[in-house]
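Student:
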Amino acid sequence: MKRMLLFFVCLLIGFNSYAQNPNDQSNLIMNLLGETPIEEDLQELCDVYGGRVTGTAVNIESVEWGVEKFKTAGVEVNKELFNISSLWIDNATIAKVSGATNFTPKVVAKYYSKPTPNKGLKLPIVDVGYGTDEDFAKVGDKVKGAFILVEADLCLDVDGLFEEYSNAAMIDARAAKAGAIGVLNMASRPKKLLYRFIASEGADHGLVNLVMAREDAKRCQRILRNGGDLDFEVKLEVSKEKESASYNVIAEIKGSERPEEIIIIGAHLDSWGLGTGANDNGCNVVMMIDIARQMKRLNIQPKRTIRFALWNGEEQGYFGSWGYVKSHRKELDKHIMTMSVDIGSGAITGFFTNGRPEMAAITKEVMQSVSGLGAKSILDIPIVGTDNFDFMLEGVGNLVASHKPFNYGLNYHASSDTYDKVDLEALKVNSAIVAAVTLGFANLPTEKVSWKRQTHKEVVDLINEFNLEFSMRMFGVWKDWESGERGRK
Ligand SMILES: [Zn+2]
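Numbering of the sequence shown is given in my numbering, commencing with residue 452 and proceeding in unit increments.
Right, dumping it as structure tokens:
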């Protein structure tokens with residue numbers, strides 16, 4: 452299969468005229484598509500280390516692993532410290548349904564859910580349908596002091612995921628307003644699959660908020676709709692830490708002509724702990740390592756400096772990349788392009804250019820050399836939800852790779868996000884695409900760099916133009932922007 456792939460690639464890739472040595476780009480592509488240790492790296496990261504929640508010991512071990520990988524490849528590397536303002540760790544979740552029936556449902560607390568009092572809670576469950584305004588109006592006062600049970604349709608794709616996030620944010624707001632104590636969200640995925648969700652408004656979330664296995668939630672719903680009464684008993688023990696610290700892994704290949712100008716490509720090393728962080732985002736972590744390794748091995752010298760970032764603390768609210776922009780603020784004017792790869796291992800179809808028409812135009816040009824590998828589309832809309840975010844708020848040109856959905860939605864943040872779900876063939880091609888685009892930007896002639904870092908006003912205009920407030924609230928990052936903690940001054 453691989454040899455076949457190589458043959459087609461010879462036909463498909465064009466030479467990029469921007470390459471310092473025109474052979475560099477095609478060499479890099481061919482080598483990344485050939486035999487490399489990318490699969491072994493991914494097995495090690497997912498199977499041996501496993502889930503890597505920021506704040507746990509295994510997360511720090513995986514940081515050391517990342518450092519070692521770059522070192523072994525001969526690439527200069529550092530651990531860079533950053534702060535997390537609100538770590539939340541669930542130590543125990545014990546739940547029971549009682550009343551018209553008695554059983555132990557499968558549940559998981561949303562990240563940042565409010566803990567229960569030490570003795571736990573026992574409260575009635577109120578069926579609120581899908582949790583729309585009309586649904587809440589129908590049940591009226593019954594919601595006060597109760598757990599609401601919210602229905603969800605099956606959701607098996609990426610679009611559905613974002614709809615689920617945004618619905619949850621609206622339902623949480625209605626539930627809080629109506630005086631509910633807790634929310635039981637019917638899982639949108641079948642076969643008792645549980646997944647971790649971040650609660651709306653982040654660390655400020657004020658409800659006891661859980662996801663209940665779809666089949667268990669349906670069972671409760673049927674009983675309630677048949678006139679039975681149910682209580683939900685739960686004890687959720689959480690440790691919270693303020694001002695915890697962790698590390699990003701930042702590797703670097705120095706630019707030969709304009710070393711002060713920087714291109715960053717990155718993927719987040721941390722994951723949630725139910726699965727082993729394979730499609731989210733181990734596959735793209737090992738891609739970063741593989742690209743750096745092959746560039747070094749082939750002695751490719753980019754004109755601008757390329758940094759390879761293994762971000763950390765992403766799942767809690769992009770704390771690692773936020774930390775980076777704070778500690779490198781003086782260099783940000785010289786950051787030419789930053790790219791995040793965080794939407795799994797489905798084939799890359801192109802890039803989001805995040806509301807920057809001038810970035811869209813140049814990315815299209817740079818991408819031409821790999822259009823034969825499937826990267827063709829430009830979506831010039833801003834992505835909120837991964838490590839491009841703080842670069843966007845700082846006005847730095849930023850890209851996010853867009854992928855075919857392969858296996859991503861169904862296993863997203865779930866116990867089923869494991870090595871066997873990764874599309875290994877596509878991952879190889881993706882690494883070639885990312886490497887070619889990265890090198891294209893690193894070697895772009897100065898006169899082609901037409902965009903500048905945006906001013907505070909331009910960032911404000913971007914946020915308004917694309918109505919980003921709602922999604923920023925949904926991901927719990929609006930307050931930090933509004934208060935001036937985050938983003939360009
Ligand atoms: Zn991710």
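Idealized CB from N, CA, C, for every residue including glycine.
Any chance the CB of Asp731 is under 7 angstroms from a heavy atom of ligand 1?
Tutor: For the purposes of this step, residue 731 is taken as residue 280 along the sequence shown, with counting starting at 1. Checking every heavy atom of ligand 1 against the Cβ of Asp731, one is found closer than 7 angstroms.
Student: Considering Cα atoms alone, identify which of Gly517, Ser477 and Asn510 is closest to Ile489.
Tutor: Indexing the sequence shown from 1 puts residue 489 at position 38. Comparing Cα-Cα distances from Ile489 to each of Gly517, Ser477 and Asn510, the minimum goes to Gly517.
Student: Using a Cβ-Cβ cut-off of 6 angstroms (strictly less than) and excluding sequence neighbours within five positions of Arg625, which residues of its own chain qualify?
Tutor: Position 174 of the sequence shown, counting from 1, holds the residue named residue 625. Same-chain partners within the cutoff: Phe587.
Student: If we require 4 or more residues per run, which alpha helix (DSSP H) segments fall completely within the stretch 762-814?
Tutor: If we require 4 residues or more, the alpha helix (DSSP H) runs fully inside the stretch 762-814 come out as 770-778.
Student: Out of curiosity, what's the CA-to-CA distance linking Gln745 and Glu766?
Tutor: Locating residue 745 in the sequence shown gives position 294, where the first residue counts as 1. Locating residue 766 in the sequence shown gives position 315, where the first residue counts as 1. Going by the C-alpha atoms only, they are around 29 angstroms apart.
Student: Taking Cβ to Cβ, would you say Glu712 is nearer than 8 angstroms to Lys785?
Tutor: Taking the first residue of the sequence shown as position 1, residue 712 is located at position 261. Taking the first residue of the sequence shown as position 1, residue 785 is located at position 334. The answer is yes: Cβ separation under 8 angstroms.
Student: Helix, strand or coil, according to DSSP, for Tyr500 in the structure here?
Tutor: Taking the first residue of the sequence shown as 1, we reach residue 500 at position 49. Helix, per DSSP.
Student: My guess is that Val594 and Ala650 are in contact by the Cβ rule of under 8 angstroms, so how many angstroms apart are they, rounded?
Tutor: Start at 1 with the first residue of the sequence shown, and residue 594 comes out as number 143. Start at 1 with the first residue of the sequence shown, and residue 650 comes out as number 199. The pair is not a contact, with the Cβ atoms about 18 angstroms apart (cut-off 8 angstroms).
Student: Which runs of the beta strand (DSSP E) spanning at least 3 residues fall entirely within the stretch 652-725, listed in chain order?
Tutor: Runs found: 659-663, 681-704 and 709-719.
Student: The alpha helix (DSSP H) that contains Val888, what's its start and end?
Tutor: In the sequence shown, counting from the first residue as 1, residue 888 sits at position 437. Val888 -> alpha helix (DSSP H) spans Leu875 to Ala893.
Student: Tell me which residue opens and which closes the alpha helix (DSSP H) that Phe648 is part of.
Tutor: Mapped onto the sequence shown, residue 648 falls at position 197. Careful: Phe648 lies outside any alpha helix (DSSP H) and carries neither H nor E.
Student: Taking Met663 as the reference, give the member of Thr544, Leu830, Val873 and Asn478 with the closest Cα.
Tutor: What you label residue 663 is simply residue 212 of the sequence shown in a count that begins at 1. For Met663, the nearest C-alpha among the options comes from Thr544.
Student: Quick check on Asn474: buried or exposed, where buried means 16 or more other Cβ atoms within 10 Å of its Cβ?
Tutor: Here residue 474 corresponds to residue number 23 of the sequence shown, with the count starting at 1. Answer is exposed; the Cβ neighbour count stays below 16.
Student: Among the residues of its own chain, which have a CB less than 6 angstroms from the CB of Pro575, if the five just before and after it don't count?
Tutor: As a first step, residue 575 is located in the sequence shown; it is residue number 124 there, counting from the start. Excluding positions up to five away in sequence, the list reads Ala597 and Asp682.
Student: Over what stretch of residues does the alpha helix (DSSP H) that includes Tyr517 continue unbroken?
Tutor: Taking the sequence shown and counting its residues from 1, one reaches residue 517 at position 66. Residue identity check: residue 517 is Gly in the sequence provided, not Tyr. Looking at the DSSP string, the run of the alpha helix (DSSP H) that includes Gly517 is Ala508 to Thr523.
Student: Among residues of its own chain, excluding the 5 on either side of Leu830, which ones have a beta-carbon nearer than 8 angstroms to its beta-carbon?
Tutor: Taking the sequence shown and counting its residues from 1, one reaches residue 830 at position 379. Within the same chain, Leu830 has close Cβ partners Gly801, Phe802, Phe803, Thr804 and Ser853.
Student: At a cut-off of 7 angstroms, is Glu615 close to ligand 1 when judged by its beta-carbon and the heavy atoms of the ligand?
Tutor: One-based indexing of the sequence shown puts residue 615 at position 164. Result no, Cβ not under 7 angstroms from ligand 1.
Student: With DSSP run on the structure shown, which of helix, strand or coil describes Tyr581?
Tutor: For the purposes of this step, residue 581 is taken as residue 130 along the sequence shown, with counting starting at 1. Coil.
Student: Do Gly795 and Pro833 have their beta-carbon atoms positioned less than 8 angstroms apart in this structure?
Tutor: As a position in the sequence shown, residue 833 is number 382, starting the count at 1. As a position in the sequence shown, residue 795 is number 344, starting the count at 1. No, these two residues do not count as a Cβ contact at 8 angstroms.
Student: Between Asn849, Ser882 and Asp541, which lies nearest to Glu809 when the distance is taken from Cα to Cα?
Tutor: In the sequence shown, counting from the first residue as 1, residue 809 sits at position 358. Of the listed residues, the one whose Cα sits closest to Glu809 is Asn849.
Student: Give me the DSSP bridge partner(s) of Val928.
Tutor: Locating residue 928 in the sequence shown gives position 477, where the first residue counts as 1. None, per the DSSP bridge assignment.
Student: Would you say Thr789 touches ligand 1, meaning its beta carbon is less than 7 angstroms from a heavy atom?
Tutor: For this step, residue 789 is matched to residue 338 along the sequence shown. It does not: the Cβ of Thr789 is nowhere closer than 7 angstroms to a heavy atom of ligand 1.
Student: Cα separation between Leu725 and Lys693?
Tutor: Here residue 725 corresponds to residue number 274 of the sequence shown, with the count starting at 1. Here residue 693 corresponds to residue number 242 of the sequence shown, with the count starting at 1. Their backbone Cα atoms lie some 23 angstroms apart in a straight line.
Student: Tell me whether the stretch 861-871 and the stretch 729-745 touch, counting them as touching only if at least three CB pairs, one residue from each stretch, are closer than 8 angstroms.
Tutor: The stretch 861-871, when compared against the stretch 729-745, does touch it at the 8 angstroms Cβ threshold.
Student: Just verifying my parser: in three-state terms, what is the DSSP assignment at Glu486?
Tutor: Along the sequence shown, read from residue 1 onward, the residue named residue 486 stands at position 35. In this structure, Glu486 counts as coil in the three-state DSSP scheme.
Student: For a quick check, are the C-beta atoms of Asp841 and Tyr769 less than 8 angstroms apart?
Tutor: For the purposes of this step, residue 841 is taken as residue 390 along the sequence shown, with counting starting at 1. For the purposes of this step, residue 769 is taken as residue 318 along the sequence shown, with counting starting at 1. Yes, the Cβ-Cβ distance between Asp841 and Tyr769 is below 8 angstroms.
Student: Using the Cα positions of Asn763 and Val504, report the straight-line distance between them to the nearest angstrom.
Tutor: Translated into the one-based positions of the sequence shown, residue 763 becomes position 312. Translated into the one-based positions of the sequence shown, residue 504 becomes position 53. Going from the Cα of Asn763 to the Cα of Val504 covers about 9 angstroms.
Student: Under DSSP, the alpha helix (DSSP H) around Ala743 begins and ends at which residues?
Tutor: Counting from one through the sequence shown, the residue named residue 743 turns up at place 292. Residues Cys734 to Arg748.
Student: Which residues mark the beginning and the end of the alpha helix (DSSP H) in which Gly611 is found?
Tutor: On the sequence shown, position 160 is the one that residue 611 refers to. Unbroken alpha helix (DSSP H) run through Gly611: Val609 to Lys628.
Student: In this structure, does DSSP put Asn636 in helix, strand or coil?
Tutor: Here the question's residue 636 lines up with position 185 in the sequence shown. Three-state DSSP puts Asn636 in a strand.
Student: If we count the other Cβ atoms within 10 Å of its Cβ and call it buried at 16 or more, is Thr555 buried or exposed?
Tutor: Locating residue 555 in the sequence shown gives position 104, counting from the first residue. Label assigned to Thr555: exposed.
Student: What number of angstroms, rounded off, separates the C-alpha of Met788 from the C-alpha of Ala551?
Tutor: Within the sequence shown, residue 788 is the residue found at index 337, counting from 1. Within the sequence shown, residue 551 is the residue found at index 100, counting from 1. Taking the straight line joining both Cα atoms gives about 59 angstroms.
Student: Distance, Cα to Cα, Glu614 vs Gly653?
Tutor: In the sequence shown, residue 614 corresponds to position 163, counting from 1. In the sequence shown, residue 653 corresponds to position 202, counting from 1. Straight-line Cα distance between these residues: approximately 18 angstroms.
Student: How far does the alpha helix (DSSP H) with Lys940 in it reach, from first residue to last?
Tutor: To locate residue 940, count along the sequence shown from 1; it is residue 489. Neither: Lys940 is in no alpha helix (DSSP H) and is coded neither H nor E.
Student: Please determine, among Pro896, Ala603, Asp541 and Leu844, the residue with the shortest C-alpha to C-alpha distance to Tyr775.
Tutor: Numbered from its first residue, the sequence shown carries residue 775 at position 324. Nearest of Pro896, Ala603, Asp541 and Leu844 to Tyr775, Cα basis: Leu844.
Student: Under 8 angstroms by Cβ, that's how I've got Leu749 and Leu479 pegged, so tell me the actual separation to the nearest angstrom.
Tutor: Residue 749 sits at position 298 when you count from the first residue of the sequence shown. Residue 479 sits at position 28 when you count from the first residue of the sequence shown. Their Cβ separation, rounded to whole angstroms, is 6 angstroms, which keeps Leu749 and Leu479 in contact under 8 angstroms.
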